[in-house]
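Protein chains in written order, with our numbering: chain A, 63 to 202; chain B, 63 to 202; chain C, 63 to 202; chain D, 63 to 202.
Note that the Cβ used here is the ideal one computed from N, Cα and C, for glycine as well.
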């Protein structure tokens, strides 16, 4: 088997994820940085909401990258490993909560990373993004 | 005088700029990377359209940064200076066409950078972004 | 709403902050690195006093960036999060004491970061900077 | 001979250089980024004037570093060498005009780098900085 079928998130889909996440962030009153990457970790869509922390531009991206790479939500890594792996990955892998893979029909088509609130708020907003396109954060 | 009044582009405004640029890119049939930064160069909004070149993620950002910093469209720099200043700025300053400052009420509130087409196509799409919020690419 | 009104710290204001911080550093006999950034984290003014540690050039900048981004004094972050967020932000976010946001009329116009003394000395000198322009370290 | 006497620029001296450069920039109506480094290239003092280009924060620093390292004004390098040396130095060496070494009693005590105007304007403002402490841009 030389090739296998895949599924790609479109920019239309990525912008819907942003919209769903923005709506949830506004609902809970926490401005956020929201990053959507594709399955290869390349940036697809981003927004920094009014009042969100500008250093969390980068943390939201690290969370999205980590969730896309590992295909699981960030935050579940063994704490004794998280710092050494973060450094070994050039600072791109993070275990901070707020990154979710985006699964559609059991394909991981990318990930969302949210940063500027507490870990729980970031996760809630990320889930708002997934809900907007009926995606899941686990393969099945 | 310790402070002076200014104007900030909202995320709502930045997303309208993205929409206007996407519409123009679809009209001319050229998928693009579109970056919107604020007046200090921090990322506000981004989208990579289906089929756009992924290395142009970075060039669209450099164009936006350059237009925000210099408050003029990219492309007008003295050719004999452009490489040395690009290097001296850590690779962030570019003279490639496709970056436009965003002026509203004579305030530079940020910039748009577009990359993946020809220079002329990138400029056309950037102008589509500005038109969506009735912004100008010059102060007056 | 495409834009919203804001306030910018002038270079005259930033230099007054430096002067106030230098005066306090001399009063307590601790030479310091003092960084002032604007609300987007771009450098506005800096001085390294005679005898200050040169590696603290960078730490004073990280402190200023962190206080400007989060709009709270550095040092209050959850200790269990500080290292992972420092790495995820590309090393720019720090929880070391000595960074204070600069609030004027409830606008965060930037931040000061001080480094080369103890945490308490750094905070004291940073407060000397804010006092020079009648600024506050909290929004209200 | 194990040691030799040296001369260090104080922070008081560096701030006078900033003041002299600011005064000249205001006289010619061109807001500037002004960097002063010591003889080892470490940052001593900096100011970004209202309206100066933020990407020139970095170019003003590259100019100051280059002038401190080579102990001659920037701009005189063989054009056929300037790009390859800029790259080989990690982007820190620049031949763009606006960097001047600071000589006092034939000691190079540091350098000033100015960026945001034309090359000629940058040099004029840098000279305003040197004049404020009766320094020279050549050893004798």
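Using the Cα positions of residue 185/A and residue 94/A, report the straight-line distance between them to the nearest angstrom. Start at 1 with the first residue of the first chain, and residue 185/A comes out as number 123. Start at 1 with the first residue of the first chain, and residue 94/A comes out as number 32. Spanning the two alpha carbons is a distance of roughly 11 angstroms.
Which residues DSSP lists as bridging residue 126/C, in chain order: Stepping through the third chain from its first residue, residue 126/C is reached at position 64. None; residue 126/C has no bridge partner.
Using a Cβ-Cβ cutoff of 7 angstroms, what residues of the segment 77 to 109 of chain C are near chain D? List them in chain order. 77, 104, 105, 106, 107, 108 and 109
Just to confirm before moving on: does the CB-CB distance between residue 159/D and residue 137/D stay below 7 angstroms? Working through the fourth chain from its first residue, we reach residue 159/D at position 97. Working through the fourth chain from its first residue, we reach residue 137/D at position 75. Going by C-beta atoms, residue 159/D is nearer than 7 angstroms to residue 137/D.
Does DSSP put residue 67/C in a helix, in a strand, or in coil? What you label residue 67/C is simply residue 5 of the third chain in a count that begins at 1. Correct three-state label for residue 67/C: strand.
Is the beta carbon of residue 115/A closer than 7 angstroms to that of residue 132/C? Looking up residue 132/C in the third chain gives position 70. Looking up residue 115/A in the first chain gives position 53. Yes; because the gap between Cβ atoms is below 7 angstroms, this pair is in contact.
Do we get a CB-CB distance below 7 angstroms when we pair residue 75/B with the residues of chain C? Your numbering for residue 75/B matches position 13 in the second chain. It does; some Cβ of chain C falls within 7 angstroms.
Looking only at its own chain, which residues have a Cβ that is under 6 angstroms from the Cβ of residue 108/C, when we skip the five neighbours before and after it? Here residue 108/C corresponds to residue number 46 of the third chain, with the count starting at 1. Around residue 108/C: 97.
For residue 143/A, is the classification buried or exposed, using 16 other Cβ atoms within 10 angstroms of its Cβ as the cut-off for buried? Indexing the first chain from 1 puts residue 143/A at position 81. Exposed is the call here.
Three or more beta-carbon pairs under 8 angstroms between the segment 142 to 157 of chain A and the segment 166 to 183 of chain C, yes or no? no
Which residues does DSSP pair with residue 163/A in a beta bridge? Here residue 163/A corresponds to residue number 101 of the first chain, with the count starting at 1. Partner(s): 173/A.
Any idea if residue 182/A is buried or exposed, counting beta-carbon neighbours within 10 angstroms, 16 or more meaning buried? On the first chain, residue 182/A is found 120 positions in, with the first residue counted as 1. Residue 182/A is exposed by the Cβ-count criterion.
Return the Cβ separation of residue 163/D and residue 130/D in integer angstroms, given the expectation that the two are a contact with Cβ distance under 8 angstroms. If you number the fourth chain from 1, residue 163/D lands on position 101. If you number the fourth chain from 1, residue 130/D lands on position 68. About 6 angstroms separates the two Cβ atoms, so the contact holds.
Using the beta-carbon count (16 or more within 10 Å), is residue 135/C buried or exposed? Working through the third chain from its first residue, we reach residue 135/C at position 73. When all chains shown are included, residue 135/C counts as buried.
Can you check which of these residues, 122/B, 66/B and 76/B, is closest to residue 111/A by C-alpha distance? Counting from 1 along the first chain, the entry for residue 111/A is found at position 49. Of the listed residues, the one whose Cα sits closest to residue 111/A is 76/B.
Using the Cα positions of residue 82/B and residue 196/D, report the straight-line distance between them to the nearest angstrom. Locating residue 82/B in the second chain gives position 20, counting from the first residue. Locating residue 196/D in the fourth chain gives position 134, counting from the first residue. Going by the C-alpha atoms only, they are around 55 angstroms apart.
What would DSSP say about residue 97/B, mapped onto helix, strand or coil? What you label residue 97/B is simply residue 35 of the second chain in a count that begins at 1. Strand, per DSSP.
Residue 105/A bridges to which residues according to DSSP? Position 43 of the first chain holds residue 105/A. The partner list for residue 105/A (beta bridge, DSSP) reads 99/A.
Where does the unbroken alpha helix (DSSP H) through residue 184/C begin, and where does it stop? Against the third chain, residue 184/C aligns to sequence position 122. Residues 181 to 193.
Of all Cβ atoms in chain A, is any one closer than 7 angstroms to the Cβ of residue 201/C? Looking up residue 201/C in the third chain gives position 139. Output row for residue 201/C: interface = no.
Please confirm if residue 119/C has its CB atom under 7 angstroms from at least one CB of chain D. Indexing the third chain from 1 puts residue 119/C at position 57. Yes, residue 119/C lies at the interface with chain D (some Cβ there is under 7 angstroms from its Cβ).
Below-7 angstroms beta-carbon distance, residue 195/C vs any chain B residue: For the purposes of this step, residue 195/C is identified with residue 133 of the third chain, where counting begins at 1. Cβ-Cβ to chain B under 7 angstroms: yes for residue 195/C.
Using a Cβ-based criterion (distance less than 6 angstroms to any ligand heavy atom), does residue 182/A qualify as near the ligand HEM? Within the structure as shown, the ligand HEM is missing, as the structure has no ligands at all.
Quick one: list the residues of chain B neighbouring residue 123/C, beta-carbon separation under 8 angstroms, in chain order. Numbered from its first residue, the third chain carries residue 123/C at position 61. Chain B residues near residue 123/C: none, gap ~15 angstroms exceeds 8 angstroms.
C-alpha distance - residue 105/A paired with residue 161/A, whole-angstrom precision: Position 43 of the first chain holds residue 105/A. Position 99 of the first chain holds residue 161/A. Those two C-alpha atoms are separated by around 14 angstroms.
On a CA-only basis, which of 190/B, 66/B and 153/B is nearest residue 90/B? Give me that one, please. The residue given as residue 90/B occupies position 28 in the second chain. Per the Cα distances, 190/B.
Look at the alpha carbon of residue 171/B and the alpha carbon of residue 66/D, and state the distance between them as a whole number of angstroms. Here the question's residue 171/B lines up with position 109 in the second chain. Here the question's residue 66/D lines up with position 4 in the fourth chain. Those two C-alpha atoms are separated by around 53 angstroms.
Out of 78/D, 122/D and 187/D, which has the shortest C-alpha to C-alpha gap to residue 153/D? If you number the fourth chain from 1, residue 153/D lands on position 91. The candidate whose alpha carbon is nearest that of residue 153/D is 122/D.
Chain C contact residues for residue 65/B, given Cβ-Cβ distances below 7 angstroms: As a working mapping, residue 65/B is identified with position 3 in the second chain. Within chain C, the residues near residue 65/B are 69, 70, 71, 72, 75, 166 and 171.
Should residue 64/C go down as buried or exposed, given a rule of 16 or more other Cβ atoms within 10 Å for buried? Locating residue 64/C in the third chain gives position 2, where the first residue counts as 1. Counting Cβ neighbours within 10 Å, residue 64/C comes out buried, since at least 16 surround it.
Can you list, in chain order, the residues of its chain with a C-beta nearer than 7 angstroms to that of residue 71/B? Leave out the 5 residues immediately preceding and following it. Here residue 71/B refers to the residue found at position 9 of the second chain. Once the five neighbours on either side are set aside, the close Cβ partners of residue 71/B are 100, 106, 164, 171 and 172.
Name, please, each residue of chain B whose Cβ falls closer than 9 angstroms to the Cβ of residue 174/D. Within the fourth chain, residue 174/D is the residue found at index 112, counting from 1. What residue 174/D touches in chain B: nothing, since even the nearest Cβ is about 15 angstroms away.
State yes or no: is the C-beta of residue 68/B within less than 7 angstroms of the C-beta of residue 68/C? Walking along the second chain from the start, residue 68/B turns up at place 6. Walking along the third chain from the start, residue 68/C turns up at place 6. In contact: residue 68/B and residue 68/C (Cβ atoms closer than 7 angstroms).
Using a beta-carbon distance cut-off of less than 7 angstroms, what residues from the segment 128 to 156 of chain A approach chain C? 144, 145, 148, 149, 153 and 156
Give the single residue among 117/D, 78/D and 127/D whose Cα lies nearest to the Cα of residue 126/B. As a position in the second chain, residue 126/B is number 64, starting the count at 1. Residue 126/B has its Cα closest to that of 117/D, out of 117/D, 78/D and 127/D.
Which residues bound the alpha helix (DSSP H) around residue 82/D? Position 20 of the fourth chain, counting from 1, holds the residue named residue 82/D. Taken as a continuous stretch (DSSP letters only), the alpha helix (DSSP H) holding residue 82/D covers 73 to 90.
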